[in-house]
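**Q** Quick one: this structure, given as structure tokens, is what I'll be asking you about.
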Amino acid sequence: MKEITDIVRAYQKANKEKKKTALATVVKVEGSSYRRPGARMLITEDGQLTGAISGGCLEGDALRKALSAIVQQENKLITYDTTDEDDAKFGVQLGCNGIVHILFEPIIENYVLNPIAILTALQRKRENAVLVTLFSLTDRQQLGTGMLFKNEPVLSRIPKLISHEVVRDVHEIFESKISAFKVYEQENKKIDAFLELIKPPISLIIAGAGNDAQPLAEIAYLLGWEVTIIDGRPTHATPQRFPNATRILVSKPENVLGQIQIDGQTAFVLMTHNYNYDIKLLKYLLDTNASYIGTLGPKKKLLNMLEELNLATPINLKRIHGPIGLDIGAETAEEIAISILAEIKSVFSNASAMFLKDKKQPIHVYE
Numbered sequence: 016m017k018e019i020t021d022i023v024r025a026y027q028k029a030n031k032e033k034k035k036t037a038l039a040t041v042v043k044v045e046g047s048s049y050r051r052p053g054a055r056m057l058i059t060e061d062g063q064l065t066g067a068i069s070g071g072c073l074e075g076d077a078l079r080k081a082l083s084a085i086v087q088q089e090n091k092l093i094t095y096d097t098t099d100e101d102d103a104k105f106g107v108q109l110g111c112n113g114i115v116h117i118l119f120e121p122i123i124e125n126y127v128l129n130p131i132a133i134l135t136a137l138q139r140k141r142e143n144a145v146l147v148t149l150f151s152l153t154d155r156q157q158l159g160t161g162m163l164f165k166n167e168p169v170l171s172r173i174p175k176l177i178s179h180e181v182v183r184d185v186h187e188i189f190e191s192k193i194s195a196f197k198v199y200e201q202e203n204k205k206i207d208a209f210l211e212l213i214k215p216p217i218s219l220i221i222a223g224a225g226n227d228a229q230p231l232a233e234i235a236y237l238l239g240w241e242v243t244i245i246d247g248r249p250t251h252a253t254p255q256r257f258p259n260a261t262r263i264l265v266s267k268p269e270n271v272l273g274q275i276q277i278d279g280q281t282a283f284v285l286m287t288h289n290y291n292y293d294i295k296l297l298k299y300l301l302d303t304n305a306s307y308i309g310t311l312g313p314k315k316k317l318l319n320m321l322e323e324l325n326l327a328t329p330i331n332l333k334r335i336h337g338p339i340g341l342d343i344g345a346e347t348a349e350e351i352a353i354s355i356l357a358e359i360k361s362v363f364s365n366a367s368a369m370f371l372k373d374k375k376q377p378i379h380v381y382e
């Protein structure tokens, strides 16, 4: 979601400066590639790039293709085949041993359903959405970003002949919570589709405004997460100490839940260094649907809190991450922040947090 947010902001700036733009989207990958389907990049007519569609090796050629799409005012699907060892013929030297399909869409400002308008609509509410991008691997005509679907279609320009099938498949994406590729047929022509599940950014709520919370909040902000700081001390919970926090609350534990929104993308970190504050807040958090709850400090502290609350059940012990973080040998506040954020990311991604070199399966879902 951070990449989408950055792209929307970059477009708004370019639009004010009267610069023409195009959106490049990785719509399909066969084999290995640095970026996966859903990776996006905004290109302005003067060569400014926001986002990324590769590790940097593709962007130069992508700029040329984007400028062509802008001049001709039509969508273009470009395929980079790096399975051939002589990938130098593409002028990109990807070296990824894969086939990457990238859709280039010029942004037409007065077109109400242009791709940026659809991406902008994603940000209006914290809820899961499915973004439908249509393209063709066999036909010159490319349809492009076609529909944003939340509980019901928000913006749509899906061809009527396939709309029923698309809506049916979108509902399946919401159920499975996994993006997918589909192929439809219209007038004897095949239409490929990337149905992309997009979740709201992780909402990281940090209870504690001490010095060790500052790098945690800052790195989370760089990741594009929404950061909320909660503390009972007005001298610590300030915009000066947490300039990039989305919200800062000075609150007692019993008043916290009434001031925040908790959903399936919410993570709580208890690090107030105040046992009484932590235990009171923990009691309330266990009744929420927060997907992640972590407590800073030794295991003994967590056990004491749960026993004092008469809540030391196997379910709660499994649910709460305490001590918080991954074992990376962290010592400093910055290192501890990395450890905590890596664990939170692994939980939300349902990833093992193991060494990638020891992983037997492909790294990415779509491989």
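Take the sequence shown: its position 364, counted from the start at 1, is 379 in this note's numbering, and no numbers get skipped. Ideal Cβ placement from N, Cα and C applies to all residues, glycine included.
1) In the DSSP output, which residue or residues are listed as bridge partners for Arg55?
2) Verify whether the separation of the beta carbon atoms of Val284 and Leu219 is less than 8 Å.
3) Considering only residues of the same chain and omitting the five flanking positions on each side of Ile122, which have a CB-CB separation below 7 Å?
4) With a CB to CB cut of under 6 Å and the five nearest residues on each side skipped, what residues in its chain are close to Lys34?
5) Once DSSP output is grouped into helix, strand and coil, what is the label at Leu212?
6) Report the rounded CA-to-CA distance for Leu212 versus Ser354, giving the unit in angstroms.
7) Got a sec, what are the start and stop residues for the alpha helix (DSSP H) Tyr95 sits in?
8) Between Ala222 and Gln229, what straight-line distance do the alpha-carbon atoms span, to the nearest angstrom?
9) Would Lys372 be called buried (16 or more neighbouring beta carbons within 10 Å of its own) or exposed?
10) From the DSSP output, in three-state form, read off Ala224 for me.
11) How many angstroms separate the CA atom of Phe105 from the CA atom of Leu73?
12) In this structure, how does DSSP classify Glu45 when only helix, strand and coil are distinguished?
13) Output the distance between the C-alpha atoms of Pro216 and Leu152, rounded to the nearest integer angstrom.
14) Just list the alpha helix (DSSP H) runs in the stretch 294–327, keeping only unbroken ones of 4 residues or longer that don't cross its boundaries, in chain order.
15) Can you give me the C-alpha to C-alpha distance between Ser191 and Asp184, rounded to a whole angstrom?
16) By the 10 Å Cβ neighbour count, where 16 or more other Cβ atoms means buried, how is Ile343 classified, buried or exposed?
17) Mark Ile93 as exposed unless 16 or more other C-beta atoms lie within 10 angstroms of its C-beta, in which case mark it buried.
18) Going by other Cβ atoms of all chains shown within 10 Å of its Cβ, with 16 needed for buried, is Phe119 buried or exposed?
19) Assuming the contact rule is C-beta atoms closer than 8 Å, Met16 and Gly337 should be a hit. Round their C-beta distance to whole Å, please.
20) Can the beta-carbon of Thr281 be found less than 8 Å from the beta-carbon of Ala305?
21) Name the two residues that bound the continuous beta strand (DSSP E) containing Glu241.
22) State buried or exposed for Gln108, treating a residue as buried only when at least 16 other CB atoms are found within 10 Å of its CB.
23) Would you kindly check if the distance between the Cβ of Pro268 and the Cβ of Glu296 is under 8 Å?
24) Between the C-alpha atoms of Gln88 and Gln156, what's the straight-line distance to the nearest angstrom?
25) Quick test of your reading: Leu158 and Ile206, contact by CB under 8 Å. State the CB separation rounded to the nearest angstrom.
**A** Short version:
1) Thr40
2) yes
3) Tyr26, Thr36, Ala37, Leu38, Asn129, Pro130 and Ile131
4) Thr59 and Glu60
5) strand
6) 27 Å
7) Segment Lys91 to Asp96 is the beta strand (DSSP E) holding Tyr95; no alpha helix (DSSP H) there.
8) 12 Å
9) exposed
10) coil
11) Bear in mind that a pLDDT of 47 at Phe105, under 50, signals an unreliable position, so the model cannot answer this.
12) strand
13) 32 Å
14) 314–323
15) 11 Å
16) exposed
17) buried
18) buried
19) The pair is not a contact, with the Cβ atoms about 28 Å apart (cut-off 8 Å).
20) yes
21) Glu241 to Asp246
22) Only weak support exists for where Gln108 lies, its pLDDT of 48 falling under 50; the coordinates are left without a value.
23) Looking at the sequence itself, residue 296 is Leu, so the reference to Glu does not match. In contact: Leu296 and Pro268 (Cβ atoms closer than 8 Å).
24) 12 Å
25) 7 Å
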